[in-house]
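Notes for the one structure printed next.
2 protein chains.
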Amino acid sequence: MHDTRKIDVMENIHDENDRIAAHVNEGLTARGVFAINLMGAPGAGKTTVIRRLIESLRDLAPCVIEGDIEGDIDARELRALGVDAFQINTFGACHLDAPLVHNAVGNMTLGDSRLLFIENVGNLVCPAEFSIGEHARLLVSSVTEGSDKPYKYPLAFERTDLVLLNKTDLLPHLDFDEDFFMKGLRALNREAPVIRVSGKSGEGFAEAAAWIRASLSPLNPRP
Amino acid sequence: MHDTRKIDVMENIHDENDRIAAHVNEGLTARGVFAINLMGAPGAGKTTVIRRLIESLRDLAPCVIEGDIEGDIDARELRALGVDAFQINTFGACHLDAPLVHNAVGNMTLGDSRLLFIENVGNLVCPAEFSIGEHARLLVSSVTEGSDKPYKYPLAFERTDLVLLNKTDLLPHLDFDEDFFMKGLRALNREAPVIRVSGKSGEGFAEAAAWIRASLSPLNPRP
Chain A
39 MHDTRKIDVM ENIHDENDRI AAHVNEGLTA RGVFAINLMG APGAGKTTVI RRLIESLRDL
99 APCVIEGDIE GDIDARELRA LGVDAFQINT FGACHLDAPL VHNAVGNMTL GDSRLLFIEN
159 VGNLVCPAEF SIGEHARLLV SSVTEGSDKP YKYPLAFERT DLVLLNKTDL LPHLDFDEDF
219 FMKGLRALNR EAPVIRVSGK SGEGFAEAAA WIRASLSPLN PRP
Chain B
39 MHDTRKIDVM ENIHDENDRI AAHVNEGLTA RGVFAINLMG APGAGKTTVI RRLIESLRDL
99 APCVIEGDIE GDIDARELRA LGVDAFQINT FGACHLDAPL VHNAVGNMTL GDSRLLFIEN
159 VGNLVCPAEF SIGEHARLLV SSVTEGSDKP YKYPLAFERT DLVLLNKTDL LPHLDFDEDF
219 FMKGLRALNR EAPVIRVSGK SGEGFAEAAA WIRASLSPLN PRP
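These protein sequences, in sequence, are chains A and B. Offset between the first sequence (1-based) and the working numbering: plus 38. Offset between the second sequence (1-based) and the working numbering: plus 38.
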């Protein structure tokens, strides 16, 4: 299974992906658009997080790329709220890659947008391996998934710039060990802030939105 | 990204995988061991499901293969309960494959065991594509993940023989739409029973254990 041919092809794919990711990033930067690669397990609450963040960031005219194996449930939900949402279907592939995002960005208006959320396929493994042109990575980890996730899916936690610990409204009903979670996270990633949020109550999203505002300030504001 | 070389290599990998999976399946069948490929998203409760099922199936001397990117948290938990648990680390790969399981089975004692749980990597995408020699597939879908999962991860739901709808103890605190879930599931899979379970309370596991007993009866019981 792990023969040399496969490894060669995979290395070529990663090099090609990174080249296109850099190109996507340059194009977005030149337009003053800050792109966030939003990752998390299936059902972690990624779309709800985007919805909540948009409520606090309307002045940045946020738009969204939705990555899903099939279907457009989340894109339709966002469009119903007046958000410009572009749907990518991967038809089996377990992550977004830079060419898919390149094609999406090329087909979006963007207009006055200064913020682009790219919701990756729900998966804690493969998305973390691929740059897609983002300026920052945001990982949504739900407390209902348990406190051992950093130990089991290290790359996703190692490579994120921000962790949103979601569904905190359910903590009274769970045996979530936050110390164990933080110990696992900090062994991999000493920098990324962890913000406790609840998609249901809205708790924590003002702080998360403030983190995004502070992060995009290095991009030159447009005149 | 989707060049011909890659597709050729991937087809070769799938053919080779299926050949080895058939070999693993024959070997286990000859020994009277029924193997369950247990899949689900990160944090769906797969290990807890195995622990609960083992409580009701002790007479079958169940043993376990644990598939994880890294670490052996779940294998250690099961060994502490006296269960023979073999750990496979995939070191980045997002699913188990037949060669990995072949090597694991070859290194396990099995002894009087008539039941083997193979816990796949937490992932609703890639594991569904690969046979690993199993006799049945069991999908753990937690109500905390939301009711739209069959629509977003169709292959996992299409190819399962049994769905355990887990964490039902949390239903009073969630907006889970069971009709929508079932509609999505039944569009893909008309056969698989859905059993509501709670790893926390133990609800539903007697029924799930009975399903397993009924399923393994076609394997010749050993004298």
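Where a beta carbon is used, it is the ideal one built from N, C-alpha and C, also for glycine. If you're wondering where the values come from, they're calculated on a predicted model, not measured in any experiment.
Setting aside the 5 residues that flank it on each side, A247(A) is surrounded in the same chain by L91, S94 and L95, each with a C-beta closer than 6 Å to its C-beta; the list follows chain order. When secondary structure is reduced to three states using DSSP, A123(A) falls in the strand class.
Given a length threshold of 4 residues, each whole run of the alpha helix (DSSP H) inside the stretch 161-208 of chain B is given here in chain order: 187-190 and 192-196.
In this structure R228(B) is exposed. Its beta-carbon is surrounded by fewer than 16 other beta-carbon atoms within 10 angstroms. Three or more beta-carbon pairs separated by less than 8 Å link the stretch 134-150 of chain B to the stretch 100-110 of chain B, which places the two stretches in contact. Proximity of H211(B) to chain A, defined by a Cβ-Cβ separation below 7 Å, is satisfied. Residues of the stretch 107-121 of chain B with a C-beta atom less than 7 Å from some C-beta of chain A are I107, E108, G109 and I111, listed in chain order.
Note that the C-beta distance between V181(B) and G78(B) is not below 7 Å. Sequence-distant Cβ neighbours of L254(B) in its own chain, meaning closer than 8 Å and more than five residues away, are F72, L98, R152, L153 and H173. For the stretch 146-176 of chain B, the set of positions with a beta-carbon nearer than 9 Å to some beta-carbon of chain A reads V159, G160, N161, L162, V163, C164 and E167 in chain order. Between the beta-carbon of G237(A) and that of G83(A) there is about 5 Å, and that keeps the pair under the 8 Å contact cut. In the DSSP assignment, M220(A) falls outside any beta strand (DSSP E) and within the unbroken alpha helix (DSSP H) covering E216 to L226.
Sequence-distant partners of A194(A) (beyond 5 residues in either direction) whose C-beta falls short of 7 Å from its own C-beta, in its chain, are M77, L162, A166 and L177. Contact between P80(A) and Y189(B) is absent: CB atoms are separated by about 11 Å, not below the 8 Å threshold.
For the options H133(A), D112(A) and A136(A), the alpha carbon positioned closest to that of Q125(A) is the one of D112(A).
Its chain contains V181 and S185 as the residues whose beta carbon lies nearer than 6 Å to that of F214(B), once the 5 sequence neighbours on both sides are disregarded; these appear in chain order.
At least one CB atom of chain B sits nearer than 7 Å to the CB of C132(A). Membership of G144(A) in the alpha helix (DSSP H) is indicated by the continuous run A136 to G144. Note that the C-beta distance between I58(B) and H133(B) is not below 7 Å. Residues of chain B whose Cβ lies closer than 9 Å to the Cβ of A79(A) are, in chain order, A79, P80, G81, A82, G160, N161, L162 and E183.
Under the DSSP assignment, L254(A) falls in the alpha helix (DSSP H) whose first and last residues are F243 to L254. For I111(B), the enclosing alpha helix (DSSP H) starts and ends at I111 to R117. Residue range K84 to S94 is occupied by the alpha helix (DSSP H) that includes R90(A). Ranking I51(B), D46(B) and V47(B) by CA distance to the CA of F168(B) puts I51(B) first. The Cβ of P192(B) sits closer than 7 Å to at least one Cβ of chain A. Counting only residues of its own chain and dropping the five nearest sequence neighbours on each side, L116(B) has a CB closer than 6 Å to the CB of V102 and A123. About 19 Å separates the beta carbons of T206(A) and R224(A), which is beyond the 8 Å limit, so they are not a contact pair. If the five residues before and after A142(A) are omitted, its C-beta is found closer than 6 Å to the C-beta atoms of I103, F124 and I126, all from its own chain and listed in chain order. When rounded, the separation of the alpha-carbon atoms in G109(A) and K187(B) is 11 Å.
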